[in-house]
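Here's the structure we're looking at; comments come further down.
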Amino acid sequence: MTPWKGDEPQFALTDYGRSAECARRRLCSVCNTLMPKGPVWRVVGAAESSAIREALTAGRPYRNMAATLEAPGHRACMLYASMVCPYLARPNARRGLTAEDPDDMTAHVVRGAVRGELGAVVGFGDYEFAVTSAQVLFRFFDVVEYLPHDTADEHLEELRAELARCGGRPGGGQPR
Numbered sequence: 001m002t003p004w005k006g007d008e009p010q011f012a013l014t015d016y017g018r019s020a021e022c023a024r025r026r027l028c029s030v031c032n033t034l035m036p037k038g039p040v041w042r043v044v045g046a047a048e049s050s051a052i053r054e055a056l057t058a059g060r061p062y063r064n065m066a067a068t069l070e071a072p073g074h075r076a077c078m079l080y081a082s083m084v085c086p087y088l089a090r091p092n093a094r095r096g097l098t099a100e101d102p103d104d105m106t107a108h109v110v111r112g113a114v115r116g117e118l119g120a121v122v123g124f125g126d127y128e129f130a131v132t133s134a135q136v137l138f139r140f141f142d143v144v145e146y147l148p149h150d151t152a153d154e155h156l157e158e159l160r161a162e163l164a165r166c167g168g169r170p171g172g173g174q175p176r
């Protein structure tokens, strides 16, 4: 999903074409391989993590009615992404880039913005998407797993166990 400029990945930005392909073909946004039918995962920041925690604590269902640009992935891939992306990994991390053409969906992507407390890797029963002329929007529903973190290295043992469970292949299947 990361666009490239020459030989340099532009990590804070999203490639429209790759995002649309991931949505349409149910491909993981990290490893670009098929996600089997069933749960999908994504990494969420402080505001959504808090909303999910509050809903789960109160015994209420959670569904993010506000669409997001972040696509889902395999459990292992999202655990990995939560650790290697500086912005996702630490509460005091700051964004390195600003959205190229900010709009209502990307206005929060501002250079220097802080992630904030309590991120999480969250499993959802499924997702829906819409591909518009300018962006790909995702909505997730039915929380099946909530793994909060202050710093994402808290997920290292969980990642190791997940990789062992799936034989080192995040989708658990054969390489494509």
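Residue 83 in our numbering is what sits at position 83 of the sequence shown, and the numbering runs on without skipping anything.
Built from N, CA and C at the ideal position, the CB exists for glycine as well.
Inclusion of Ser19 and Ala71 in the CB contact set at 9 angstroms is warranted, their separation being smaller than that value.
Residue burial annotation: Thr14 is buried, with at least 16 other C-beta atoms found within 10 angstroms of its C-beta. Within a 10 Å sphere around the beta-carbon of Glu48 sit 16 or more other beta-carbons, which makes this residue buried.
Sixteen is the threshold: when 16 or more other Cβ atoms of the shown chains lie within 10 Å of the Cβ of Gly119, as they do, the residue is buried. Residue environment for Leu156: exposed (fewer than 16 other C-beta atoms within 10 angstroms of its C-beta).
In chain order, Ala76 place their CB closer than 6 angstroms to the CB of Leu163, counting only its own chain and leaving out the 5 sequence neighbours on each side. The DSSP-derived three-state label of Leu27 is strand. The region 47–94 contains, as complete alpha helix (DSSP H) runs of 4+ residues, the segments 75–84 and 86–89 (chain order). The residues Glu21, Thr33, Leu34 and Met35, in chain order, have a CB closer than 8 angstroms to that of Leu27 in the same chain once the five nearest residues on each side in sequence are set aside. Excluding sequence positions up to five before and after Leu159, its CB lies within less than 8 angstroms of the CB of Ala76, Leu79, Tyr80 and Met83, all in the same chain and listed in chain order.
Secondary structure note for Ala120: its beta strand (DSSP E) is the uninterrupted segment Gly119 to Val131. Around Ala55, the same chain offers Pro61, Tyr62 and Val143 as residues with beta carbons nearer than 8 angstroms, after the five sequence neighbours per side are excluded. Following the DSSP letters along the chain, one finds Leu34 in no beta strand (DSSP E), marked with neither H nor E. Gly6 and Gly73 have their C-alpha atoms some 26 angstroms from each other. For Glu145, the uninterrupted beta strand (DSSP E) run begins and ends at Val136 to His149, by DSSP.
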